[in-house]
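Asks: Mind having a look at this structure? Questions to follow.
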Amino acid sequence: MADTFSIVVLISGNGSNLQAIIDSIAREQWPIEIKAVISNQSSAYGLQRAHAANIAVEVIERKQFTSRAAFDHALQTSLQHHNPDLIVLAGFMHILAPEFVQAFNNKLINIHPSLLPKFKGLNTHQRALDAAEKTHGCSVHYVTTELDAGQVIAQAQCDINTDESADSLQQKVHALEHELLPKVIHQLSQNTKNS
Ligand code: GRF
Numbered sequence: 009m010a011d012t013f014s015i016v017v018l019i020s021g022n023g024s025n026l027q028a029i030i031d032s033i034a035r036e037q038w039p040i041e042i043k044a045v046i047s048n049q050s051s052a053y054g055l056q057r058a059h060a061a062n063i064a065v066e067v068i069e070r071k072q073f074t075s076r077a078a079f080d081h082a083l084q085t086s087l088q089h090h091n092p093d094l095i096v097l098a099g100f101m102h103i104l105a106p107e108f109v110q111a112f113n114n115k116l117i118n119i120h121p122s123l124l125p126k127f128k129g130l131n132t133h134q135r136a137l138d139a140a141e142k143t144h145g146c147s148v149h150y151v152t153t154e155l156d157a158g159q160v161i162a163q164a165q166c167d168i169n170t171d172e173s174a175d176s177l178q179q180k181v182h183a184l185e186h187e188l189l190p191k192v193i194h195q196l197s198q199n200t201k202n203s
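Per my numbering, the sequence shown starts with residue 9, numbered consecutively.
What follows is the structure in structure tokens.
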């Protein structure tokens, strides 16, 4: 289909966000094709989710390569081969090299479990609790050369209850992520169509 918007999803683990994307596309019948799921971990459960949905999978692991540059190059080559309209980082645990980010300028988005610019990096739920925040949430942002610092596209937020734990907060934020990320992908696909 000429006006099908294509994406590639990069994962490292469970892939619950990948599942949310797969389910939303099917449920809403959006003209969006997931061309491939690429994981940098062969054990990632998300690979099974992709298999179950008949999506092509690729495993590109750092340990297969002698250098980080060689790994980045393999990933870049694969993405250039698929040539998607958008590359979605959904729990992809690898910091991309500047050359890589520049090669896919404005085509890379990431889901991050905090209300950016607060709590870049890891352990965001515990850090939000430690900082006595009243609200927390997630952000979808463009990927730039600086970690978790690219332009925020959309956010979703929840209250932090007085008896909240990092685990309960993580569950709440995950539920928000599963709504937000597919919506943003759909919105971007619509913007492309209308531009
Ligand atoms: C999510 O919390 C996402 O915000 C972060 O990594 C986690 C991935 O979860 N970047 P999953 O693999 O999609 O279940």
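Glycine included, each C-beta is placed from N, C-alpha and C at the ideal position.
1. Excluding the 5 residues preceding and the 5 following His-90 in the sequence, name in chain order all residues of the same chain whose CB lies nearer than 8 Å to its CB.
2. As a quick exercise: from Ala-98, Leu-94 and Glu-107, pick the residue whose alpha carbon is nearest that of Lys-115.
3. What is the rounded straight-line gap between the Cα of Met-9 and the Cα of Ala-82?
4. For Phe-127 and Ala-164, what's the separation of their Cα atoms in angstroms?
5. Quick one: give me the first and last residue of the beta strand (DSSP E) that Thr-143 is part of.
6. For ligand 1, is there any heavy atom lying closer than 8 Å to the beta carbon of Ser-173?
7. Can we count Asn-199 as close to ligand 1, meaning its CB is less than 8 Å from some heavy atom?
8. With Ala-44 as the anchor, note down where its beta strand (DSSP E) starts and where it stops.
9. Determine the direct distance from the alpha carbon of Asp-11 to that of Ser-203, and round the result to whole angstroms.
10. Going by the C-beta, is Asn-22 closer than 8 Å to any heavy atom of ligand 1?
11. Quick one, are the C-beta atoms of Gly-158 and Val-151 less than 9 Å apart?
12. Over the uninterrupted beta strand (DSSP E) stretch that includes Asp-167, give me the two end residues.
13. Looking only at its chain, what residues have a beta carbon closer than 8 Å to the beta carbon of Glu-141, apart from the 5 residues adjacent to it on each side?
14. Under the three-state reduction of DSSP, which class applies to Asn-114: helix, strand or coil?
15. For Gln-178, collect the residues of the same chain with a Cβ closer than 7 Å to its Cβ; drop the 5 residues on either side in sequence, then sort them by chain order.
16. Enumerate in chain order the residues of its own chain whose CB-to-CB distance from Ala-139 is below 6 Å, with the five nearest sequence positions on each side excluded.
17. Just checking Asn-62 against ligand 1 - is the residue's beta carbon closer than 8 Å to any of the ligand's heavy atoms?
Replies: By the coordinates alone:
1. Taking the sequence shown and counting its residues from 1, the one referred to as residue 90 is at position 82. Only Ser-14, Val-16, Lys-43 and Ala-44 meet the Cβ criterion.
2. Within the sequence shown, residue 115 is the residue found at index 107, counting from 1. Cα-wise, what sits closest to Lys-115 is Leu-94.
3. In the sequence shown, the residue the question calls residue 9 occupies position 1. In the sequence shown, the residue the question calls residue 82 occupies position 74. Low confidence applies to Met-9: its pLDDT is 48, below 50, so where it sits in the model is not reliable, and the reading given next is rough at best. Whole-angstrom Cα-Cα distance: 28 Å.
4. Walking along the sequence shown from the start, residue 127 turns up at place 119. Walking along the sequence shown from the start, residue 164 turns up at place 156. Rounded to the nearest angstrom, the two C-alpha atoms are 15 Å apart.
5. Reading the sequence shown from its first residue, position 135 is the one you call residue 143. Looking at the DSSP string, the run of the beta strand (DSSP E) that includes Thr-143 is 143-150.
6. Position 165 of the sequence shown, counting from 1, holds the residue named residue 173. No.
7. Locating residue 199 in the sequence shown gives position 191, counting from the first residue. No; taking the cut-off as 8 Å, the Cβ of Asn-199 has no heavy atom of ligand 1 nearer than that.
8. Here residue 44 corresponds to residue number 36 of the sequence shown, with the count starting at 1. Note, Ala-44: beta strand (DSSP E), 40-47.
9. For the purposes of this step, residue 203 is taken as the residue at position 195 of the sequence shown. For the purposes of this step, residue 11 is taken as the residue at position 3 of the sequence shown. If you take the alpha carbons of Ser-203 and Asp-11, they lie about 13 Å apart.
10. Here residue 22 refers to the residue found at position 14 of the sequence shown. Checking every heavy atom of ligand 1 against the Cβ of Asn-22, one is found closer than 8 Å.
11. Translated into the one-based positions of the sequence shown, residue 158 becomes position 150. Translated into the one-based positions of the sequence shown, residue 151 becomes position 143. Cβ distance < 9 Å, so Gly-158 and Val-151 count as in contact.
12. As a first step, residue 167 is located in the sequence shown; it is residue number 159 there, counting from the start. Element bounds for Asp-167: 160-167.
13. Counted from its first residue, the sequence shown places residue 141 at position 133. Here Glu-141 has Lys-126 and Ile-168 as same chain residues with Cβ atoms under 8 Å from its own Cβ, once five neighbours each way along the sequence are excluded.
14. Start at 1 with the first residue of the sequence shown, and residue 114 comes out as number 106. Note: Asn-114 maps to coil in three-state DSSP.
15. Residue 178 sits at position 170 when you count from the first residue of the sequence shown. For Gln-178, where only same-chain residues beyond five positions count, the Cβ hits under 7 Å are His-133.
16. Numbered from its first residue, the sequence shown carries residue 139 at position 131. No residues qualify anywhere along the chain.
17. Counted from its first residue, the sequence shown places residue 62 at position 54. Asn-62 Cβ: outside cutoff for every heavy atom of ligand 1.
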